[in-house]
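Protein chains in written order, with the numbering used here: chain A, 63 to 457; chain B, 48 to 304.
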Ligand SMILES: Cc1cc2nc3c(=O)[nH]c(=O)nc-3n(C[C@H](O)[C@H](O)[C@H](O)COP(=O)(O)OP(=O)(O)OC[C@H]3O[C@@H](n4cnc5c(N)ncnc54)[C@H](O)[C@@H]3O)c2cc1C
């Protein structure tokens, strides 16, 4: 039901009335329109574009962007709240949406006014779906090693190369693509472009056969002298890595929020099941070893949420978020994996069955430890920040 | 004008104060779920052009403004909250008195309500408001229509339905048959911040605490939790034939088959 909750006791983390409203709308949509069909869409590996359209109608497809550009004009924090709710019902749709918002961010923070007003309104409205194409067969964690070539032509660029693992690939209307204008320049050669599906020389290759989030699309993209006009270059030549990494730092907040939602859902299922399943003459929830599993999971999910909220609040306040968003992403995805695995354990054999949702949670969670920077890479970012901070303090 | 009430969420644990009133601060509050159908009905009437504007009216503590804001996020134009310290503990009669007085001032063609509130479930207020305002009551509509200067509800009955019509102005109540309530879009949430909301005291609607007999004619004597359900009988770990026989016997023993 529509919640207009009031903070009961003075709670320093209480949500504002508006934030609760956003959360409630996202929760109702997710529970009523995503949850009933997610298992089937996962089983059939089917992306349902109509659900994205529906999210557009509700204003969920451009939450942190200004109203002038068709967005909801809300905070990044509000976006994180919505993302948790969507993921608690459907991790695949949450990640697909998260990537859509990430691709918009590249345009919003590095596009010209002309590019923003041309590209963003259909994206915030949910009529155009976005994708973010960085990873290549030879450049994953080491994104700066990418080799997709952008050769200068008379009125633009010709792109040649391959991207892999591109979420929303094959479905998207706007691809933010990272290429290099000169490999000899290393990271300084990387440049961002906007590519539309009708571009000659651009085709969608094979679809990734994923372990989890199978209701979201991911595909290989193949470019063969694909012609991109100069007007579709995002930012200056050589600024591409900054576009990518800057946006990813924010994107990780919504990944963390999604993982919090997934962990929460896994914990809810495990708790309910444990209270119903009887062995040795009492419910397994009465067994202390099961209680310990549930308690540990509850603490970790709550901590995930707090790290996520802090990173989001920091971003809204204009603070530096690199370390905070990496911490949130790393901890929340590790937690989601742990809690989902534990939920399968609590269910026992029933948890190993595809007739129950917890095995899906486990498959869905695994990817989050890998994409938007593997958790090893997050540790590198956090450690680098730590060492720099210490160096500054000791100077 | 849709009258809505803020109630504790159905899932929230209800707590009572020492004088057996609901501790509204202790529970998540929501728009009375049955009122959401009235909101939906009103917004559909507005979309079809049958009514020009939709407003929301609530009587309650200050925090009920949140319920009004939430309703405005679903749609409609403006909202009015009647709140006054003298209203604490208001019962159905006092509520009706206050709503009737507020409606006298707002003078809408239709005062629309849900069929009951989730917390008290008295279903008294629509009838009482109609009686106090001396206007027709069109209750329990599965659909409300406005045509020219009259309103009409379709009311489901045991063997079909009744169509009841009355000249405007009316008080009407609708059931959960009107259609699934929409939820607020994010644009709606942002727009709601800019929609006007007025707060009235008792004096603003020309009433005083004395008019309300100290806010309640009724008194809650006791609250009790429902008896727990008897434990479920389960047929487990037996063959299918044996299970069927046992379930059939169980049902037969209760004359259910
Ligand atoms: C479901 C899914 C969706 C995706 N969506 C997108 C998308 O939309 N857009 C996009 O561009 N990409 C996407 N990716 C790709 C993703 O970002 C990469 O898979 C990820 O960055 C890791 O790169 P890799 O797979 O090449 O692994 P590698 O980089 O080869 O890493 C292999 C292993 O080595 C570890 N490793 C690598 N370098 C180091 C190091 N320096 N120190 C310690 N350990 C290290 C990694 O942590 C990992 O465990 C997606 C991936 C998945 C699984």
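From the three backbone atoms N, C-alpha and C, an ideal C-beta is built for every residue, glycine too.
Query	Result
Starting from residue 84/A, trace the alpha helix (DSSP H) in both directions and tell me its first and last residue.	79–91
Using the three-state DSSP reduction, which class does residue 142/B fall into: helix, strand or coil?	helix
Can you say whether residue 294/B is buried or exposed, counting buried as having 16 or more other CB atoms within 10 angstroms of its CB?	exposed
Quick one: grab the DSSP three-state call for residue 269/B.	coil
Please say whether residue 143/A and residue 188/A have beta carbons closer to each other than 9 Å?	no
Output needed for residue 270/A: all residues of its chain with C-beta closer than 7 Å, excluding positions within five of it in sequence on either side, in chain order.	227, 280, 281
Can you find a CB in chain A that lies within less than 9 Å of the CB of residue 106/B?	no
Is the Cβ-Cβ distance between residue 252/B and residue 145/B less than 9 Å?	yes
Since residue 269/A sits in a beta bridge, which residues does DSSP pair it with?	281/A
Answer yes or no: the CB of residue 436/A versus the heavy atoms of ligand 1, is any distance below 8 Å?	yes
Cα-Cα, which of 318/A, 210/A, 325/A, 191/A is closest to residue 198/A?	210/A
What residues are listed by DSSP as bridge partners for residue 446/A?	Per DSSP, none; premise fails for residue 446/A.
Which residues share a DSSP beta bridge with residue 288/A?	221/A
Assuming contact is defined by CB atoms lying nearer than 9 Å, are residue 125/A and residue 141/A in contact in what I supplied?	yes
Look up residue 358/A in the DSSP assignment and say whether it is helix, strand or coil.	helix
In whole angstroms, what separates the C-alpha of residue 165/A from that of residue 192/A?	6 Å
Check the Cβ-Cβ distances between residue 41/B and every residue of chain A, and say whether any is below 9 Å.	No information on residue 41/B is available, as it lies outside the stretch 48 to 304 that chain B covers here.
Output, in sequence order along the chain, the residues in the stretch 71–102 of chain A whose CB is closer than 7 Å to any CB in chain B.	79, 80, 83, 84, 87, 90, 91
Give the straight-line distance between the Cα atoms of residue 229/A and residue 363/A, rounded to the nearest whole angstrom.	26 Å
Identify whether residue 194/B lies in helix, strand or coil by the three-state DSSP scheme.	strand
Whose Cβ in chain A lies nearer than 7 Å to the Cβ of residue 120/B?	83
Please state whether DSSP places residue 210/B in a helix, a strand or coil.	strand
Counting only beta-carbon atoms, is residue 134/A nearer than 9 Å to chain B?	yes
Beta-carbon within less than 6 Å of residue 411/A's beta-carbon, same chain only, minus the 5 sequence neighbours each way: which residues are those?	none
Is the distance from the Cβ of residue 184/B to the Cβ of residue 174/B below 9 Å?	yes
Would you report the Cα separation of residue 454/A and residue 129/A, rounded to the nearest angstrom?	40 Å
Let me check one thing: in DSSP terms, what residues is residue 53/B bridge-paired to?	78/B
State the DSSP-derived secondary structure class of residue 253/A, mapped to helix, strand or coil.	strand
Based on DSSP bridge pairs, tell me the residues matched to residue 102/B.	125/B
Helix, strand or coil for residue 202/B? Go by DSSP, reduced to three states.	strand
In whole angstroms, what is the alpha-carbon distance linking residue 315/A and residue 176/A?	28 Å
Kindly examine ligand 1 and report whether one of its heavy atoms sits closer than 8 Å to the Cβ of residue 204/A.	yes
Is residue 142/A a contact residue of ligand 1, with contact defined as CB to any heavy atom under 8 Å?	no
Grab me the residues of residue 282/B's own chain with a C-beta within less than 7 Å of its C-beta, minus the 5 sequence neighbours each way, in chain order.	290, 293, 294
Could you please give the first and the last residue of the uninterrupted alpha helix (DSSP H) stretch that includes residue 236/B?	233–240
Check whether the stretch 407–427 of chain A and the stretch 327–339 of chain A are in contact - that is, three or more C-beta pairs closer than 8 Å.	yes
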